[in-house]
Every structure is written in C-alpha cells, then in structure tokens.
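Below is one structure; the comments refer to it alone.
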Amino acid sequence: MKLVQILLAASVACACGTVLASGNPEAGHKKSTPCQACHGPNGISVSPAFPNLAGQNPDYIMTALRHYKEGKRKNPIMQGQAANLSERDIEDLAAYFSSQKGLEYKH
Amino acid sequence: MQRAHRLALGALLACSTGAAALAAETQAPSQAPAAQAAAPQSNAASAKGAGAMSWSAPLQNKIAQCQGCHGIEGWRTAFPEVYHVPKLEGQKPEYIVAALKEYQNGERTFATMRAIASQLSDEDMQGIAKYYGAQNTNTAEKK
Chain A
1 MKLVQILLAA SVACACGTVL ASGNPEAGHK KSTPCQACHG PNGISVSPAF
51 PNLAGQNPDY IMTALRHYKE GKRKNPIMQG QAANLSERDI EDLAAYFSSQ
101 KGLEYKH
Chain B
1 MQRAHRLALG ALLACSTGAA ALAAETQAPS QAPAAQAAAP QSNAASAKGA
51 GAMSWSAPLQ NKIAQCQGCH GIEGWRTAFP EVYHVPKLEG QKPEYIVAAL
101 KEYQNGERTF ATMRAIASQL SDEDMQGIAK YYGAQNTNTA EKK
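Residue numbers (our numbering), protein chains in the order written: chain A, 1 to 107; chain B, 1 to 143.
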C-alpha cells in the first residue's frame, strides 16, 4: 500500500508541473546566515559578482551546491562553503532561497 | 490491492504520456528560434522588460537560442542529470557574463551550455546579460 501511495504522490507531483522543494524553508533560513553575507538576506546579492538566488528553481540550487561539494563546479568561495553541507542542509537552503521573490522566467 | 496498484501505475503512465505531449508541445518553439527571431515582432523584441532597448537581428537570434530552454517554465535538462534550468530574468548581468565565459573556457562543463557559449562573442554575452538582467534586477530589489 505504501508503494501505491508513493506512486500516487509522484503522479500528483508530476501533474502539477510545479517545482517542489523537498527541504524545509524555515530550517534553511536558519542555516543561511553564511550565504546571506554575499547573496543578501532577501536572496538579492550584494555584489554583481554573485548571483541572485531569490526565486531560483530549488533543484537547480541543489545541483549547483552538490557540484561545488563534489568539485565538479569550481569556485574557491563556494567550494569552501559547500564542503561541509549535508544533503539535508542543501535541500533546506534550496527550499529557503527558492521561496523568496526575485528571479522569474522571461517569456 | 492489485486494482490499486494498477490504478496507480495507470496514473503514472498517464502522467508520463502527458509529460511527453507537453515536451513535444514546448519543444516546437525551441526548434524554430531563427524563424521567430527573424520576424519583426519577435520574441525578444516584444518580450516584457525589453522596454526601450532594441536588439539587433543577430543578437535576437542568440537570445532566441537562450529562450529555447530558459524561457520555458518548467524546462528540465535531459542529460546527464535532470533538473530545472535556472531562471534568468532578474539575474545580475555581470554574473550572466561570468557564467557564459566559464562555459566558454571550460571551467563550467554542462555540454549544452558549453556548445552555445563557444559561439558567443563578448558583445553577444553583454547583450544577453542586458536582456535578462537589466530591467528586472531593479524590480527584484524593490520587492
């Protein structure tokens, strides 16, 4: 029965077509202090060298953080920051920044 | 139980068929970016946020290439990892240029972006960055 529930949940998530963040935005908020120094408290970064994160797709943020952690994407600051993040931290941070208002699709 | 399983599988199947149909639908515009960009009222020129800025025809072609993925809500990468492509509207223009340069010189490795960035001049990159960044950076900060 559990399998059925999982499959149904997956099909509902799929049908909605929205990007669902698996993490907890409130936990992400608490963990985001170091991020805020560069990316801003509201996800709008403090310098043109750093990307805005507000509203970004959560799975894109998670992929970027995993790539920094694994060394697939190279940046001295971000590799240092991502090195100590757990998978749970990555999910929570992505949920937090993706919940902010900012980036959008341009149509 | 058996029936419930079949129902669930049926739902999943319907979902994936729907996704395929959606992909086919959304792929169509991305396959004809050149034609769109060549038209006077192109995607790029009429897009919201373009404001008073004008985009040369060659630049419109490049922007149409970006829009083929980044302009479609919910568009995902297909290989080697699946995730939603980043939203670009409202991004810092300088960061967009830096990212494109990293793809061009191989520091960033995603194959599709490497292929596209390899064909861009510095001027193209500046234009693309302006298209996505200039207007909405301010809007985002006001929010």
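In this text, a Cβ means the ideal position worked out from N, Cα and C, and glycines have one as well.
Please state whether the Cβ-Cβ distance between residue i and residue j is less than 8 Å.
i        : j        : result
A/ASP59  : B/HIS70  : no
B/ARG114 : B/GLY106 : yes
A/GLU104 : B/GLU89  : yes
A/ALA94  : A/MET62  : yes
A/GLU91  : A/SER22  : yes
How about residue i: is its C-beta nearer than 8 Å to some C-beta of chain B?
i       : result
A/GLU87 : no
A/ILE90 : no
A/GLU70 : no
On the premise that residue j lies in contact with residue i, defined as a C-beta separation below 8 Å, what is that separation, rounded to the nearest angstrom?
i        : j        : result
A/PHE97  : A/GLN36  : With 8 Å as the limit, A/PHE97 and A/GLN36 do not qualify as a contact, their Cβ atoms being about 10 Å apart.
B/GLN104 : B/SER118 : 6 Å
A/GLN100 : A/ASN42  : 6 Å
Compare the C-alpha of residue i against each of the options and name the closest.
i        : options                             : result
B/GLN94  : A/PRO34, A/PRO41, A/ASN24, A/ALA49  : Residue identity differs from the one stated: residue 94 of chain B is Glu in this sequence, not Gln. Checked all of A/PRO34, A/PRO41, A/ASN24, A/ALA49; the closest Cα to B/GLU94 is A/ALA49.
B/VAL97  : B/GLU73, B/GLN60, B/PRO80, B/GLU123 : B/GLU123
A/GLU87  : A/ASN75, A/GLY43, A/LYS69, A/PRO76  : A/LYS69
B/SER112 : B/ILE72, B/PRO58, B/CYS66           : The displayed chain sequence assigns Thr, not Ser, to residue 112 of chain B. The residue with the shortest Cα to Cα distance from B/THR112 is B/CYS66.
B/THR109 : A/HIS29, A/PRO34, A/SER47, A/ARG73  : A/ARG73
B/GLY68  : B/LYS87, B/PRO80, B/TRP55, B/SER56  : B/LYS87
A/ASN75  : B/ILE72, B/PRO58, B/ALA99           : B/ALA99
Using a Cβ cut-off of 8 Å (strictly closer), state whether residue i contacts chain A.
i        : result
B/PRO58  : no
B/GLN104 : no
B/THR109 : yes
B/GLU73  : yes
Report all residues from its chain with a CB closer than 8 Å to the CB of residue i; omit the five preceding and five following residues, and keep chain order.
i       : result
A/PRO51 : HIS39, SER45
A/GLY71 : GLN79
Among residues of its own chain, excluding the 5 on either side of residue i, which ones have a beta-carbon nearer than 7 Å to its beta-carbon?
i       : result
B/VAL82 : ARG76
Apart from the five residues just before and just after residue i, which ones in its own chain have a Cβ nearer than 6 Å to its Cβ?
i       : result
A/GLY28 : ASP92, LEU93, ALA95, TYR96
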